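Notes follow the structure.
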Amino acid sequence: VLLGSGLTVLSQPLMYVKVLVQVGYEPLPPTLGRNIFGRQIYQLPGLFAYAKHIVKVDGRAGLFKGLTPRLCSSAIGTIVHGKVLQVLFGGAVLCLMPLPFQPGTSKKESVSSLEQVLKETSREMVARSAATIITHPFHVITLRCMVQFIGRETKYSGTLSAFTTIYREEGILGFFAGLIPRLLGDILSLWLCNMLAYLINTYALENGVRAPHPAFGATWRAGGGLKVLFVLLQVSTMSEMKSYSQAVTGFFASMLTYPFVLVSNLMAVNNCGLAGGLLPYAPTYSSWLDCWSQLHREGNMSRGNSLFFRKVPTGKRYVWE
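The numbering of the sequence shown is our numbering, which starts it at 8 and goes up by one.
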């Protein structure tokens with residue numbers, strides 16, 4: 008919990024800027040710059056220029072708006088996640104990778120490993136979904152505290168008062184605005200990450216080093232210390248390569264499911280009485296599917312995905328002061 012809280016504090020300015028960009032708020036006009044090929048293009052302000060503008064308006068403390076409800080969400084989510092695994096599944100911990108490499112692994116063992124990945128991914132899905140549902144009200148408050156920067160509002164000035172405001176104006180459902188696309192995105196990302204990691208680790212990495220190199224054939228047959236050393240080196244190399252493949256598949260899955268994150272955040276602040284949830288930044292969406300459809304038509308499905316080298320695309324709608 009403490010480690011997670013520390014990472015949350017450090018990443019708060021990054022999330023703050025990302026959320027404002029996702030809403031479509033551009034406080035600074037595009038500037039003329041050059042791309043990697045040397046061609047002149049108009050670029051939108053990146054992370055550091057955006058953060059510098061926030062500091063100029065609100066001071067350094069302004070970069071940490073919405074931190075309190077986000078810390079609550081992180082701590083409660085970690086506890087709920089662990090408790091669900093402990094109560095329902097006896098404390099099972101998700102393993103994203105197959106069992107360590109052993110020479111002569113059979114197809115039957117490979118099938119068993121797949122069953123293990125499917126089982127543990129299902130368990131992780133239940134635990135994550137429970138944590139997401141319970142902490143979503145804090146997520147909504149976090150986003151609205153951040154979006155207040157656009158209209159300089161103070162409507163959501165405290166976590167407890169924000170709960171009262173949302174319940175009074177929107178009822179219970181207001182605490183779960185944007186929940187469905189967030190859940191769908193988390194579930195899809197989890198399954199994509201785990202299954203891609205399993206396929207790469209099982210059929211690309213393990214098959215590539217299943218048999219010893221011909222140069223060691225005689226030693227392998229004869230046995231001895233070199234045989235043991237060779238196997239240990241293979242296991243060490245496989246573990247490192249699998250950890251890298253897991254990171255790559257996680258990044259790939261997050262890229263594919265990013266539109267769900269964007270739609271969820273927009274629905275959490277849409278038509279809530281804040282300037283950032285109304286025109287010209289966003290129309291009033293009837294549902295998250297309506298939001299998805301309009302973003303797709305505008306070509307804004309990846310808005311906020313990158314905070315560096317943000318060129319101004321032709322035909323996309325942005326609002327800046």
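All residues carry an ideal CB built from backbone N, CA and C; glycine is no exception.
These figures come from a predicted structure and were not determined experimentally.
*Mark SER271 as exposed unless 16 or more other C-beta atoms lie within 10 angstroms of its C-beta, in which case mark it buried.*
With at least 16 other beta carbons inside 10 angstroms of its own, SER271 counts as buried.
*Would you report the Cα separation of LEU39 and TYR49, rounded to the nearest angstrom?*
Using only the alpha carbons, I get a separation of about 5 Å.
*Just the Cα atoms here: how many angstroms apart are TRP198 and PRO266?*
Answer to the nearest angstrom: the Cα atoms are 16 Å apart.
*Out of VAL276, GLY165 and SER300, state which residue places its alpha-carbon closest to the alpha-carbon of GLN29.*
The shortest C-alpha separation from GLN29 is found at VAL276.
*Roughly how many angstroms lie between the CA atoms of ILE148 and PHE44, to the nearest whole one?*
So the two alpha carbons sit approximately 42 Å from each other.
*So GLY73 and MET153 are in contact, right, with Cβ under 8 Å, and what is the actual spacing, rounded?*
The pair is a contact, with the Cβ atoms about 5 Å apart (cut-off 8 Å).
*Quick one: using the 10 Å Cβ neighbour count with 16 as the cut-off for buried, is ASN42 buried or exposed?*
For ASN42, the number of other beta carbons within 10 angstroms of its own is below 16, and it is reported as exposed.
*Helix, strand or coil: how does DSSP classify LEU281 here?*
Coil.
_Beta bridge counterpart(s) of ILE48 as assigned by DSSP_ = Per DSSP, GLY40.
_Rounding to the nearest angstrom, what Cα-Cα distance links GLU177 and SER196 in this structure?_
One C-alpha to the other measures close to 30 Å.
*asked:* Contact between the stretch 160-169 and the stretch 287-302 is defined here as three or more beta-carbon pairs at a separation below 8 Å; is this criterion met?
replied: No, they do not touch.
*When you compare only the Cα positions, how much space is there between VAL26 and ILE61?*
Roughly 13 Å between the two C-alpha positions.
_Residue closest to SER18, alpha-carbon to alpha-carbon, out of ALA58, PRO52 and GLY31_ = Of the candidates ALA58, PRO52 and GLY31, ALA58 places its Cα closest to the Cα of SER18.
*Would you kindly work out how many angstroms separate the C-alpha atoms of SER12 and ILE207, rounded to a whole number?*
For SER12 and ILE207, the distance between alpha carbons rounds to 32 Å.
_Any 3 or more C-beta pairs closer than 8 Å across the stretch 127-134 and the stretch 77-92_ = Short answer: they touch.
*Note the first and the last residue of the continuous alpha helix (DSSP H) segment covering PRO329.*
Because the chain spans 8 through 328 in this model, residue 329 falls outside it and cannot be assessed.
*asked:* DSSP has TYR57 in a bridge; who is on the other side?
replied: Partner(s): none; TYR57 has no beta bridge.
_Simplified DSSP assignment, three categories, for LYS162_ = Three-state DSSP puts LYS162 in coil, outside helix and strand.
*Residue of GLU33, THR264, THR139 and ALA289 minimising C-alpha distance to LEU186*: Nearest option by C-alpha distance: THR139.
*So what does DSSP say about LYS318, is it helix, strand or coil?*
The DSSP-derived three-state label of LYS318 is strand.
_Distance between LEU92 and LEU35 (C-alpha atoms, nearest Å)_ = Straight-line Cα distance between these residues: approximately 46 Å.
*Relative to the C-alpha of PRO144, which residue among ARG189, LYS318 and SER120 is closest?*
For PRO144, the closest alpha carbon among the candidates ARG189, LYS318 and SER120 is that of ARG189.
*Below 8 Å on the Cβ atoms is my guess for LEU263 versus LEU302; work out the distance and round it to an integer in Å.*
Not quite, the Cβ-Cβ distance comes to about 16 Å (not below 8 Å), so this is no contact.
*For the alpha helix (DSSP H) containing ILE83, list its first residue and its last residue.*
Here the alpha helix (DSSP H) through ILE83 covers 74-96.
*Starting from LEU203, follow the alpha helix (DSSP H) in both directions and report where the run begins and ends.*
First-last of the alpha helix (DSSP H) with LEU203: 186-206.
*Beta-carbon proximity list for ALA282, same chain, < 6 Å, skipping 5 on both sides*: Counting only Cβ-Cβ distances below 6 Å, and skipping sequence neighbours, we find ILE157 and GLY158.
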